[in-house]
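Since the structure comes first, as structure tokens, the remarks are kept for the end.
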Amino acid sequence: MKYSSYFLKTNKDAKAFDSINATLLQKGGFIDQVMSGVYTFLPIGLRTLNKIERIVREEMDTLGSELLMPALSPVELWETTGRTGVDVLFEARGANDASRKRNDGRYILNSTHEEIITPLAKKNRLSYKDFPFAVYQIQTKFRNEERAKSGLMRGREFRMKDMYSFHTSEEDLLAFYDKAKDAYMRVFTRLGLGDSTKITKASGGDFTSGFSHEFQTICESGEDVIYVHNETGEAFNKEVAPEGDGFSQHNASEVGNIFPLNTKFSKAFDYTYTDATGKPQLVYMGSYGIGTSRLMGVLVEKFHDDKGIIWPTSVAPFTVYLASLNRDDSATVAAADAVYEELMRAGIETLYDDRDMGAGAKFADADLLGIPYRVVVSKKTGGNVEVVSRTTGEVETQSLTTFITQIN
RNA sequence: CGGGGCGUCGUAUACCGGUAGUACAUAUGCUUUGGGAGCAUACUGACUGGGUUCGAUUCCCAGCGCCCCGACCA
1 MKYSSYFLKT NKDAKAFDSI NATLLQKGGF IDQVMSGVYT FLPIGLRTLN KIERIVREEM
61 DTLGSELLMP ALSPVELWET TGRTGVDVLF EARGANDASR KRNDGRYILN STHEEIITPL
121 AKKNRLSYKD FPFAVYQIQT KFRNEERAKS GLMRGREFRM KDMYSFHTSE EDLLAFYDKA
181 KDAYMRVFTR LGLGDSTKIT KASGGDFTSG FSHEFQTICE SGEDVIYVHN ETGEAFNKEV
241 APEGDGFSQH NASEVGNIFP LNTKFSKAFD YTYTDATGKP QLVYMGSYGI GTSRLMGVLV
301 EKFHDDKGII WPTSVAPFTV YLASLNRDDS ATVAAADAVY EELMRAGIET LYDDRDMGAG
361 AKFADADLLG IPYRVVVSKK TGGNVEVVSR TTGEVETQSL TTFITQIN
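Residue numbers (this note's numbering): 1 to 408.
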């Protein structure tokens, strides 16, 4: 991608917020705030979000099938479960419904999809032979948070992966629940958050009278408090924190959660299957969420320095930031063009800074954007390239071939 | 939802009861070219509604918006 034609504009003078991810993501041109808790993902930000979601998708594919449910739903489905009173729920109405004398034009902007998936499953998964199964989607969710804050950490519109599983027994549900735990940890490990993310016991909230598990990433700016046992590593949300010594307290951000719903929603929608003896039985369900846009915020909170973001390689929007210096020298420009072509051929995602700007501005952008490798082509580099690691700051002058071999 | 703060060019900020300055960005020209370049010129602004006042961007009230603290967070 050539910087000169990319829809990207960094702004070193952008407003600094208390929240690191809000500040750096806006300075770097990853996101643009439209209103409190609502952001546009700009091209380089969307690229990053897509990388995160691709990892989530790959791991979820081992558990279920991807589908896409609507963002909008009729209020009646929510009245069925009695969850219309949840105060984070957005209600929507057609602008002309009143003038058309339609009093029933009420919709919900979905905050989660149990109300959609349960009636769907009921349409064709009715025999015990159909079980178990699971479906998931990655979608924009809406929650009217009374106080949106901290950039992508708590928005009113955000991206979330939600998965739903269906079973004929509680044992089968819990077996799947454990598999989901493993898959979740694989996601967080691939994102570089394996060590800092704790499977945390929490209350079930509105979903269930029983327990649930949260995936809490230890993070100074996190809005939850968890207690981690120093020896066993067991973690508890402060809402269910046990008494006793041996626990250390951490701020953490909830990047995922899983709930054994049991029969709460199948009861509400009268979702039963026919068992082997011909009798109707309630379906057992589980619900599993990962906040993908929040994860992007958490990654910035954890991986940055005073110059900008330091993306883990697995989610970096580009692998290489190619800084072409001495743009007034045609031979050097030609050399940079050739390096870009070569990187493209090697399949290395490259942001080619072909702008007519000073070296300082380009280096500052490379640092701010957090791209893992900065490759410089200038009068000084001759037939080689200068490679700087964003993570370690190590500088190495080497042939392009050597570099490509190293990172592939 | 309670409390606090703040609304000024596209962005970030300053000053002020007598119509507003700077930086970045943008445009043009010249110079510059390894850590966010320099000079010159140009362009652009007081959230909305009421009130006080000869006069309000400034003071007061209300609304709206944003940020922060707390509560909340299925």
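Backbone N, C-alpha and C fix where the C-beta goes; we use that ideal spot for every residue, glycine too.
The criterion of a C-beta distance shorter than 8 Å is not satisfied by K238 and Q216. DSSP places E214 within a strand segment (E or B) once states are collapsed to three.
For T397, the CB contacts under 8 Å within the same chain, skipping 5 residues up- and downstream, are T381, N384, V385, E386, V387 in chain order. Taking 4 residues as the shortest admissible run, the stretch 86–139 contains the following complete alpha helix (DSSP H) segments, listed from N- to C-terminal end: 114–124. Here the alpha carbons of I404 and V375 stand approximately 11 Å from one another. Under the rule that a run must span 3 or more residues, the beta strand (DSSP E) segments found entirely inside the stretch 300–328 read 320–324. T402 and S389 have their C-alpha atoms roughly 15 Å apart. In this structure, the alpha-carbon of W78 lies about 28 Å from that of K279. With distances taken between CA atoms, D354 lies nearest to A323 out of I310, E115, A323. Secondary structure at I226: strand, using DSSP grouped into helix, strand and coil. Between T10 and A16, the C-beta gap is not smaller than 8 Å, which leaves the two residues out of contact. Using a Cβ distance threshold of 8 Å, L368 and Y321 do not count as a contacting pair.
For V333, the enclosing alpha helix (DSSP H) stretches over residues 330–345.
Annotated as distal: I20 and V225, with beta-carbon spacing of 8 Å or more.
Distances from the CA of E254 to each of F158, Q139, M153 were compared; the closest alpha carbon is that of M153. Under the three-state reduction of DSSP output, T292 falls in the helix class.
Relative to the Cα of V88, the nearest Cα in the group P74, N110, Q33 belongs to N110. Under the 8 Å Cβ criterion, the stretch 44–63 counts as touching the stretch 22–36, having at least three qualifying pairs.
The stretch 332–339 makes no contact with the stretch 277–292; the number of CB pairs closer than 8 Å stays below 3. In the DSSP assignment, E157 falls within the unbroken beta strand (DSSP E) covering 157–167.
Contact between M60 and M163 is confirmed by a C-beta separation of about 6 Å, below the 8 Å threshold.
Judged by beta-carbon spacing, S196 lies beyond the 8 Å limit of S203, meaning their Cβ atoms are not closer than that value.
Here R154 carries a strand assignment [DSSP, helix/strand/coil]. Taken in chain order, the complete alpha helix (DSSP H) segments of 4 or more residues contained in the stretch 5–47 are 20–27. In the same chain as A241, and ignoring 5 residues on each side of it, the C-beta atoms closer than 6 Å to its own belong to Y227, in chain order. Between the alpha carbons of D337 and F318 lies a gap of roughly 17 Å. When secondary structure is reduced to three states using DSSP, T397 falls in the strand class. In the three-state reduction of the DSSP assignment, L193 falls in the coil class, being assigned neither a helical nor a strand state. Burial is judged here by how many other beta carbons sit within 10 angstroms of a residue's own beta carbon; N408 has fewer than 16 and is exposed. Only residues of its own chain outside the window of five on either side were considered, and among them G246, F247, S248 have a CB closer than 8 Å to the CB of N230, listed in chain order. Within the same chain, Cβ atoms closer than 7 Å to the Cβ of R327 are found at V333, D356, the five residues on either side in sequence being excluded.
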